[in-house]
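What follows is a short report on a single structure.
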Amino acid sequence: IISEVLGVSTQQVYSAARAHCFGLKWITKGQVGHALLLSESGEQEICVNIHKMMAVNNAPGSDKIREMIEEQRHIEQKMAIVRAYAMGMYSLGDNLDKFIEPASDSYVYGLLSKNNLTLAQPSRLTTDRSDAGTQSNIQYYFKEIYTEDIAKIYRAVAIGNGDEVNLDFDIECLVCKDVDAKRAPATTKENVPGHISIVITIMADDPSPPPFFILGGILNVPKYLQVLIEQTGVGIVATGSGLMTKDV
120 IISEVLGVST
130 QQVYSAARAH
140 CFGLKWITKG
150 QVGHALLLSE
160 SGEQEICVNI
170 HKMMAVNNAP
180 GSDKIREMIE
190 EQRHIEQKMA
200 IVRAYAMGMY
210 SLGDNLDKFI
220 EPASDSYVYG
230 LLSKNNLTLA
240 QPSRLTTDRS
250 DAGTQSNIQY
260 YFKEIYTEDI
270 AKIYRAVAIG
280 NGDEVNLDFD
290 IECLVCKDVD
300 AKRAPATTKE
310 NVPGHISIVI
320 TIMADDPSPP
330 PFFILGGILN
340 VPKYLQVLIE
350 QTGVGIVATG
360 SGLMTKDV
């Protein structure tokens, strides 16, 4: 009926209805029946979240960006199905209720390019900056109240600039940055230049796992810290980007 009133084909009506369900202006013929696109608001929301992560030195890698896209696509898919049923187009709703193929590399790069973003190698500190950074004390991060009370009995250990052992690990994962920026931001929130964090897990009943250190943007570890590690049996984790973690 709609196609007869408007003087267009049923395929065009179907395409327009599907575009409306996904919050899109239009869907070309080759994309009818495939959930390949995000709405403009969905794309902007992803880019806003990327910039928020970059602002706190937590630049997402390609895997994380793809995960963000998939989450937004599933949200929009559910909304599209509801809209289709609300319009009485039950066959369209049934057609939309199916598995969505993972976002391709070209889709991810296209989304970033359109919003003046790109992927690049994360920044690495120079040796001089790294040496200066090791003067920072170990920082403790506790989220639970009871752990804060227990942690009061511990004292932060200052790390001096003595003989150091070069970790010499490579960061291979690409992270997001603004186009024309000289380098990508640091890859993780903890990766503040020169900060060393010790993470301690305190279990209520079971034996507590050994603590571990997070190195923030430094390439060298003082020998004193290495001796302490060997004596206490803790481990060092050098964080990369997204879901990637490099054990050193």
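Just so we're aligned, residue 120 is where the sequence shown starts under the numbering used here, counting upward by one. We put the CB at the ideal spot given by N, CA and C, even for glycine.
### Contacting residues, own chain, Cβ-Cβ under 8 angstroms from M187 (five flanking each side not counted)
I165, N168, I169 and P179
### Query
In three-state terms, what does DSSP make of D297?
strand
### Task
Classify G180 as helix, strand or coil using the three-state DSSP reduction.
strand
### C-beta atoms of D297 and L238 nearer than 8 angstroms
no
#### Entry: Buried or exposed (CB count within 10 angstroms, at least 16 for buried), G372
Outside the shown range of the chain, which is 120 to 367, sits residue 372, and nothing can be said about it.
### CB of V227 within 8 angstroms of CB of S181, strictly
yes
### Query
Does DSSP put Q222 in a helix, a strand or coil?
Checking the sequence shown, residue 222 turns out to be Ala, not Gln. The answer is coil: DSSP assigns A222 none of H, G, I, E or B.
### Message
Restricting to Cα atoms, I'd like to know which of A222, D224 and A203 is closest to D216.
### Response
A203
### Task
Between the Cα of G212 and those of E195, V175, M172 and L231, spot the shortest distance and give me the residue it belongs to.
E195
### Task
Name the two residues that bound the continuous alpha helix (DSSP H) containing L211.
Y209 to L215
### Message
I believe I219 touches R192 by the beta-carbon criterion, under 8 angstroms. Please report the beta-carbon distance rounded to the nearest angstrom.
### Response
6 angstroms
### Message
Helix, strand or coil, according to DSSP, for L238 in the structure here?
### Response
strand
### Rounded straight-line distance, which links the Cα of M208 to that of S232
35 angstroms
### Message
If the criterion is Cβ atoms closer than 8 angstroms, does the pair P221 and E189 meet it?
### Response
yes
### Message
Cutting at 6 angstroms between CB atoms, please list the residues of its own chain near N234, excluding the five before and the five after it.
### Response
C166
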